[in-house]
Every structure is written in structure tokens, then in C-alpha cells.
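**Student:** Sharing a structure, written as C-alpha cells. Questions coming.
There are 2 protein chains.
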Amino acid sequence: MSELKDLTYGIVGLGIMGGSIAKAIRGNVLDIAGARGKILACDISTQSLELAEKGGVIDESFTPDNVDAMLKSCDLVYVCLYPHATLDFVKLHKDAFKSGAIVTDISGVKRLLAEDVKQYLRSDVDFVIGHPMAGGAKEGYVNSNGAYFEGRNYILIPQPWNKAGSIELMKNLIASMGFTRIVETDYHRHDHKIAFTSQLCHVIASALVESAEDESITEFGGGSFEDLTRIAMINAPLWTELFLLDKEELLGHIENFEKQLDFVKQKIKQDDAAGLEKYLTDVRKRRMNMGTFVSKDK
Amino acid sequence: MSELKDLTYGIVGLGIMGGSIAKAIRGNVLDIAGARGKILACDISTQSLELAEKGGVIDESFTPDNVDAMLKSCDLVYVCLYPHATLDFVKLHKDAFKSGAIVTDISGVKRLLAEDVKQYLRSDVDFVIGHPMAGGAKEGYVNSNGAYFEGRNYILIPQPWNKAGSIELMKNLIASMGFTRIVETDYHRHDHKIAFTSQLCHVIASALVESAEDESITEFGGGSFEDLTRIAMINAPLWTELFLLDKEELLGHIENFEKQLDFVKQKIKQDDAAGLEKYLTDVRKRRMNMGTFVSKDK
């Protein structure tokens, strides 16, 4: 297998994710003595590119107009775009990839790629479907961070067309970037689980914000409302796309959640102290068993 | 007004809240040169009392059996118990308070105290109803922390019977302990707002935990589910009491939240991308305007 430190990486989309990936590779993979690897990046924002180049994070900048010149020298291409845009990118630039290149993505819903990307792939290019499980209220290259992925989960969705070497290389790279757990699964299970841990949570946080009587509600805040709604500082176009792409799974989870919420509501309505205490005791036990997203805590 | 540094403080219940209050007073009020003040504490756990005494946090320990001996020398008594237990404590020990003492509480629902405490008060003892807005998944004296209140809100609910001097003294003490915002309101408004920022959030977090298919769900976690359910590591008896004490307000908020959730669900069902994006854009704007619970951030 090629050595990670000698590869040329291409980042397509230098936002919070692409920027953090570039910084994590620079800081953990290319900082080794004798490393010959490079990081190239393409973005619509020349400001982000300049910042990254001046900061020594990337070696060379490209724009969507000349990204083909970048792709022809990249051993590994990280497409850090929204789901539909990721597919469109592969479709549009399929002839530009270097022979033997690995292309990978970061998008939050996987059916689209798993079902459609193959038809746009050349036989000498491999596409590894993956999902780095990190995110937050902040956006853009200026908020990217080389330590963004420490302790986080990464989900890989291997496909029948993948070469064993590509998956192996991705796993090494992922571990180098700071992720502590790699979960391999199929795209059905990914989209089902992520609709719960990610999309349902964003739906709930959004509905909770809109339930507030006014914006001065945080005068009465003690941290709970703030914690539950931090993710509601949401990227509206991205999450609209994710909600609708994973619609069936998400609707199922919303309905399960509504049933649980109604169950608690009925217990409160009925003044059922014993039932509530039993329910909350189970909640506490379950939540403690769940631990955090950091596998080393488990 | 008496100087805070010269008072004798009595903490009833040395858990996470009582312990943090004792440490905040020790570190910010009694650390002044020439301070003659003392901190006495009562708890059912002799272990917590020993730890606090050895750590120099409290000067003398009492148990429920001999707490009257403590109360007779306290200028300010912090009752850090559950709501019903707070009222019961005042009722049971009303004759033991020092003449001129201020008694205050920390409980999360205020109607009970505002309506009932007066009948148990001697005319030479003042009771200030208050709510330090801090909390978390951790419990017990071992998790208490003198910096627990930094940047937090404190709600005061002044009553017709309160002496102006008592409120003034409490405000000085609260600011000394690290709180950055004091909100004064009546108990109706307190219980209405807190049912939203605190109790509704705990109901939602609990229902979300119970909606999970299994406890290994955090394998697919990226932080959102974890953030929304951290408060579900809940103290079941306390929250059962709070939910039922504030039942009417809480049920109203649950129903408003259910309507908002249904609104988002319908938009997803209808594939209404434009409507969803508009909704999420408003959510983001509202949430950003809300800021955090730290007034200095505003």
C-alpha cells in the first residue's frame, strides 16, 4: 500500500469539514520527516484558499474552473460538498481523476451515492463512501480545526466495487486524523441510524427553538435549553437537503419519538409519580450505558 | 447592611448545589482579610460533611438530628433540598432560626413556596425565594465546584413580606458567587418559563433516549444525540417531583412543542424544500439572537 505521507491529497470544498481534514492531514500525516505528500484544494472562495495557503495548510489552490488540473495529480480526493453536489461533482469530473485514484466523500446521507455513483466511475478509479461524524454550529474554513476529529466516529460503507487496498488506506488515514472508532456498515443501516442520531435531533432542536415564546427566553436558561438547541444554529440549505434525502427513515423516527413524548405526557397528566419515576430511572440507566461518542470512554 | 464576610452561613443539604454554594462562598466571600464569617452545614451523609470539613470548605458539621443547634447561629440559611422537603424543613424548624435570619432556597418550582411558606415563617425571619440556574448530570458533594455558577443566571422571586435589606444582601451574595445575571420576577412567570427552559427539555431528552433502538446507538453518534440527551442522566425522584409540581405549565409547553414538531414533519412529508429552508433559516436566526445563558456574551 502507498504510504500516506507520500500521497497527493485533493480537497474539494474547503469549508469547516474540508478545512479540518486538510489541517488534520497536514498535522498528523505530512508532518513526518521525509514526507513527500502534498495537499491541493479547490473552493469557490479565493479568500479561504489564500488563508489556507498562507497558513501552510495547503500547497496549491484551485477553483471550480481549473479543478481538473488538480484532480489529475491527486491520489486521494476528498469531496467535501453537499450530497447532490458530491454526485454531480463526480459525474462532471469523472474523466479528470488520476488513474488509480481513490475518491471519497463526507455527506450525511448515503443512499444517493451508493445507488448512483457507480455509473459515473471509471474502472481505474475507486470511490469509498464514508461519513466523518463531526459537526457543529460553526461553518467555513475560518472555523476549521486540525483537532476537530479527535475522539469521533467515522462510518465507512464499503461497496462491492471497492478494492481492499482502498478501504485499508482510508482506515489508516482516518485513524491518523484522530478518529477513534471506525464503524463499517451498509447504506441502509447508515441512513436509518443517522436519521436518528443526527437528523431527528436537528428536527427536535429546531422545533424547540420555534416553540419559545420569545428570544429573551435564555434569561431563564440554566443550560438545558441551550444544550438542546445549540445545533439549531443550522445550515438551512444543507439540512433541508439531508432531511428530504432521508425522508422515510426520518419520518419513522419522528413518529417513534412522538409516541415516547406522548407516553411521558400521559404520565404527567395522570399524576403518575411512580410510573414517571420508573420511566426516568430507566432513561438514566440507558443513557449512562450509551456513553459518549468517544469510544475510549466506554 | 451586614457585611457578607462577617456572616454565619448555614447550608442545609450538602449535595452538588449546597456543596457548590459553600465552596463559592468560601472562595469568594470569606477569603477576604479579616473575614469573621463561618460556614456550617447539615447533611444526612457524614461522608460529605467530613470531606467538606477536611477540605476547609465548612467550619462545622451537623446532622438532621442536631440541625436546630446550627440554625440558631446562622444569619443566612441556604436550604438546598427538593421542593416539598424545603417547605417541610421550614415548617419543622421554624422555631430554631436565629432572630433576623434570612432563609433562602434553590428549588426549581416556586408556586409551592410562594403560596405556603409564609404561614410557617416567624415575623423576625425573612424567606427569600430564589433559583440558581445551574445543574447537570453530576450529583453529590464530590462533584460540587466553587466555579459552578460562573456566568449563570439567578432568578429571584421577591414577595410582599420581604425586607428590602434581605433582597439587597442576597443580590450581593449572588453576584459574589459568580452569577452574571439576576432576573427578578413573580412565581407564575418563573414557573411558566422554567417549565419551558428546564422541564420540557428534560422531558424531550428522556423521550429521545427511550426512542433509541438500542444502547449502542452512540456508535453512530456525531455529538447531536449526545448533546440533546446529556441531561437525561436524570435524578428520577427530583424530576418526577418537579414535573408534577409544574404540571399545568409543562403540559402546555409539551403541546406547543408537539405542534411545532408536527409542522416540521408535515413539511418533510410534503417534500416542501422551500418551506423547510425558510423554517430552518428562521430557526437559525432566532437561536443566534437568543445567545447563551451568559449575559456577558450578549
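The listed protein sequences derive, respectively, from chains A and B. Read in my numbering, the first sequence has 189 at position 189, and its numbers run on one by one without any break. Read in my numbering, the second sequence has 143 at position 143, and its numbers run on one by one without any break. Glycine residues also receive a C-beta, built at the ideal position from the N, C-alpha and C atoms. Small disclaimer: the values here were computed from a predicted structure and weren't measured.
#1: Name, in chain order, the residues that DSSP records as bridge partners for A/E184.
#2: Any residues in the stretch 195-215 of chain A with a beta carbon nearer than 8 Å to a beta carbon of chain B? Which ones, in chain order?
#3: For chain B, is any of its Cβ atoms less than 8 Å away from the one on A/V117?
#4: What is the residue span of the alpha helix (DSSP H) that A/V209 lies within?
#5: Using alpha carbons as the reference points, say which of B/S211, B/T197, B/N235 lies closest to A/S224.
#6: Kindly say whether A/N153, judged by its beta-carbon, lies nearer than 8 Å to any beta-carbon of chain C.
#7: Assuming contact is defined by CB atoms lying nearer than 8 Å, are A/Y9 and A/I39 in contact in what I supplied?
#8: Tell me, which residues are paired with B/A41 by DSSP?
#9: Would you tell me roughly how many angstroms separate the C-alpha atoms of B/G108 and B/Q159, rounded to the nearest one?
#10: If you follow the beta strand (DSSP E) that B/F149 is in, where does it begin and where does it stop?
#11: Which residues mark the beginning and the end of the alpha helix (DSSP H) in which A/T323 is found?
#12: 8 Å is my cut-off, CB to CB: does B/H253 come that close to chain A?
#13: Given this structure, state the Cα-to-Cα distance separating B/V294 from B/R152, to the nearest angstrom.
#14: Quick check on B/I234 - is its C-beta less than 8 Å from some C-beta in chain A?
#15: Kindly list, in the order they appear in chain B, the residues whose Cβ is closer than 8 Å to that of A/P237.
#16: Under 8 Å, Cβ to Cβ, is there at least one residue of chain A near B/N28?
#17: Looking at B/S206 and A/V283, is the spacing between their C-beta atoms short of 8 Å?
#18: Closest to A/V29 by CA distance: which of A/V142, A/T63, A/L7, A/Q270 is it?
#19: With 8 Å as the C-beta to C-beta threshold (strictly closer), list the residues of the stretch 62-87 of chain B near chain A in chain order.
#20: In chain A, which residues lie with their C-beta within 7 Å of the C-beta of B/L280?
#21: Does the beta-carbon of A/C42, which I'm using as the reference point, lie nearer than 7 Å to any heavy atom of the ligand NAD?
#22: By DSSP, does A/M170 sit in helix, in strand, or in coil?
#23: Buried or exposed, going by whether 16 or more other CB atoms sit within 10 Å of the CB of B/K296?
#24: Spell out a yes or no on whether the stretch 110-120 of chain B and the stretch 142-152 of chain B are touching, meaning 3 or more CB-CB pairs, one atom from each, closer than 8 Å.
#25: Which of the three DSSP states, helix, strand or coil, is assigned to A/L30?
#26: Would a C-beta distance cut-off of 8 Å place A/W161 and B/L280 closer than the cut-off?
#27: In whole angstroms, give me the CA-to-CA distance for A/K285 and A/K267.
#28: Return the CA-CA distance between B/K298 and B/H93, expressed in angstroms with no decimal places.
#29: For B/N256, go through chain A and note every residue whose CB falls closer than 7 Å to its CB, in chain order.
#30: Could you give the DSSP three-state label for A/D105: helix, strand or coil?
#31: How big is the Cα-Cα spacing for A/G18 and A/I25?
#32: What number of angstroms, rounded off, separates the C-alpha of A/G15 from the C-alpha of A/R122?
#33: I think A/D246 touches A/D191, with their Cβ atoms under 8 Å apart; what is that distance to the nearest whole Å?
#34: Verify the CB distance criterion: does A/K296 have a CB-CB separation below 8 Å to chain B?
#35: In three-state DSSP terms, what is A/M177?
#36: I want to know whether the stretch 83-103 of chain A touches the stretch 55-62 of chain A - three or more CB-CB distances under 8 Å.
**Tutor:** The short version:
#1: A/L156
#2: F196, T197, S198, L200, C201, H202, V203, I204, A205, S206, A207, L208, V209, E210, S211, A212, E213, E215
#3: no
#4: 201-211
#5: B/T197
#6: The displayed structure is made up of protein chains A and B, and chain C is not among them.
#7: yes
#8: B/I11, B/S61
#9: 17 Å
#10: Unbroken run through B/F149: none, as it is neither H nor E.
#11: Absent from the structure is residue 323 of chain A, since the part of chain A shown begins at 1 and ends at 298.
#12: yes
#13: Since pLDDT at B/V294 reaches only 44, below the 50 mark, its modelled position is unreliable, and the value read off the structure follows with that caveat. Whole-angstrom Cα-Cα distance: 6 Å.
#14: yes
#15: E277
#16: no
#17: yes
#18: A/L7
#19: none
#20: S206, I234, A236, W239, T240
#21: The model depicted lacks the ligand NAD and carries no ligand whatsoever.
#22: helix
#23: With a pLDDT of 36 at B/K296, under the threshold of 50, the predicted position of this residue should be treated as unreliable, and no value is reported.
#24: no
#25: coil
#26: no
#27: 19 Å
#28: Bear in mind that the predicted position of B/K298 carries a pLDDT of just 29, short of 50, making it unreliable; the figure below should be weighed with that in mind. For B/K298 and B/H93, the distance between alpha carbons rounds to 42 Å.
#29: S211
#30: strand
#31: 11 Å
#32: 27 Å
#33: 5 Å
#34: Caution applies to A/K296, whose pLDDT of 36 falls short of 50 and renders its modelled position unreliable; the value that the coordinates give is listed next. False, the Cβ-Cβ gap to chain B never drops below 8 Å.
#35: coil
#36: no
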